[in-house]
Ligand code: PMP
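Residue numbers (the UniProt record's numbering): 5 to 289.
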């Protein structure tokens with residue numbers, strides 16, 4: 005994990021993997037002042053890399069952390085990491101956080117905003133038996149009200165209940181957990197958005213209260229291009245019984261079919277298969 009070969013970009017320079025360290029009084033470690041991105045590089049090109057750089061800057065802005073880098077500089081940092089490690093196909097993780105500094109309390113205006121980019125080779129997010137379909141648990145924690153936390157930010161603090169819920173799901177033999185939101189509507193999984201089908205049309209929760217994934221937006225575009233109607237709307241959990249297919253979308257998850265959520269079962273394909281194939285072609289184009 006820490007002690008291995010490879011290069012990581014940190015605050016403007018490439019450093020050895022094992023030297024990419026932060027101090028224990030890092031503000032982010034105590035107060036969750038951290039935002040990040042997950043991206044995938046396919047055949048030497050990061051899919052929507054620039055959009056991810058812009059989202060990182062916007063997430064930081066939402067946390068009152070002015071980005072020290074432009075999107076173009078972030079794009080270049082990611083390229084440098086991929087090149088230094090010789091990766092053509094890899095997962096890319098950019099992270100921006102408040103470091104240690106003059107203030108070690110809630111206020112941290114004087115503490116520098118820092119950034120790092122790492123990359124590693126990573127296969128299928130839910131394992132190799134992707135077409136068996138993922139099995140999801142229903143999380144007991146709820147996605148929070150947008151008035152309580154900036155839900156559009158890909159911010160570390162929003163993932164506390166994701167790790168807790170994913171651990172609880174894995175204990176039950178599931179590969180992920182599905183969150184409802186604070187009002188009880190279907191929201192998202194711990195690191196992916198969710199889609200359903202019914203009578204040849206697609207239904208997905210409105211992304212005004214959780215991360216509107218870049219993959220989610222891409223897949224909605226691909227579905228509409230294929231002439232398939234997509235409804236973005238509030239979905240009640242009771243409706244799960246009436247849906248035919250279900251799948252997750254995310255940079256890491258790509259398009260992953262879901263076979264089961266709690267007691268509800270779903271069939272695998274044909275729309276998930278079609279859209280997964282189209283997505284695969286697009287990201288590698
Ligand atoms: N929701 C959450 C909580 C996530 O962590 C992710 C992964 N970044 C997504 C949705 C999907 O986002 P994207 O398609 O941009 O990867």
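Every residue gets a Cβ at the ideal spot worked out from N, C-alpha and C, and that includes glycine.
Inset, instruction - Please indicate yes or no: does the CB of residue 93 lie closer than 8 Å to some heavy atom of the ligand PMP? - result: no
Legend entry - Residues bridged to residue 209 (per DSSP): 237
Inset, instruction - For residue 25, collect the residues of the same chain with a Cβ closer than 7 Å to its Cβ; drop the 5 residues on either side in sequence, then sort them by chain order. - result: none
Inset, instruction - May I ask you to list the residues that DSSP assigns as paired with residue 115? - result: Answer is none; residue 115 lacks a bridge partner.
Legend entry - residue 38 versus residue 138: straight-line alpha-carbon distance, rounded: 29 Å
Legend entry - Cα-Cα separation between residue 115 and residue 108, rounded to whole angstroms: 9 Å
Legend entry - 9 Å Cβ cutoff met for residue 164 and residue 36: yes
Inset, instruction - Flag this pair as yes or no: are the beta carbons of residue 253 and residue 200 separated by less than 9 Å? - result: no
Inset, instruction - Check whether the Cβ of residue 158 lies closer than 8 Å to any heavy atom of the ligand PMP, and answer yes or no. - result: yes
Inset, instruction - Give the range of the alpha helix (DSSP H) segment to which residue 30 is assigned. - result: Per DSSP, residue 30 belongs to no alpha helix (DSSP H) and is neither H nor E.
Inset, instruction - Pull up the distance between the alpha-carbon of residue 144 and that of residue 23, whole angstroms please. - result: 39 Å
Inset, instruction - Closer than 8 Å by C-beta to residue 223: which residues in its own chain qualify, once you throw out the five before and the five after it? Chain order, please. - result: 199, 253, 259, 279 and 283
Legend entry - Strand pairing of residue 150, partner residues [DSSP]: Its beta-bridge partners do not exist; DSSP assigns none.
Legend entry - Same chain only: Cβ atoms within 8 Å of residue 29, ignoring 5 sequence neighbours per side: 104 and 108
Inset, instruction - Confirm, please, whether the CB-CB distance from residue 250 to residue 261 is below 9 Å. - result: yes
Inset, instruction - Could you spell out where the alpha helix (DSSP H) holding residue 219 opens and where it closes? - result: 218-229
Legend entry - Proximity below 9 Å, CB of residue 190 to CB of residue 244: yes
Inset, instruction - With DSSP as the reference, label residue 126 as helix, strand or coil. - result: coil
Inset, instruction - Please classify residue 169: is it buried, with 16 or more other beta-carbons within 10 angstroms of its beta-carbon, or exposed? - result: buried
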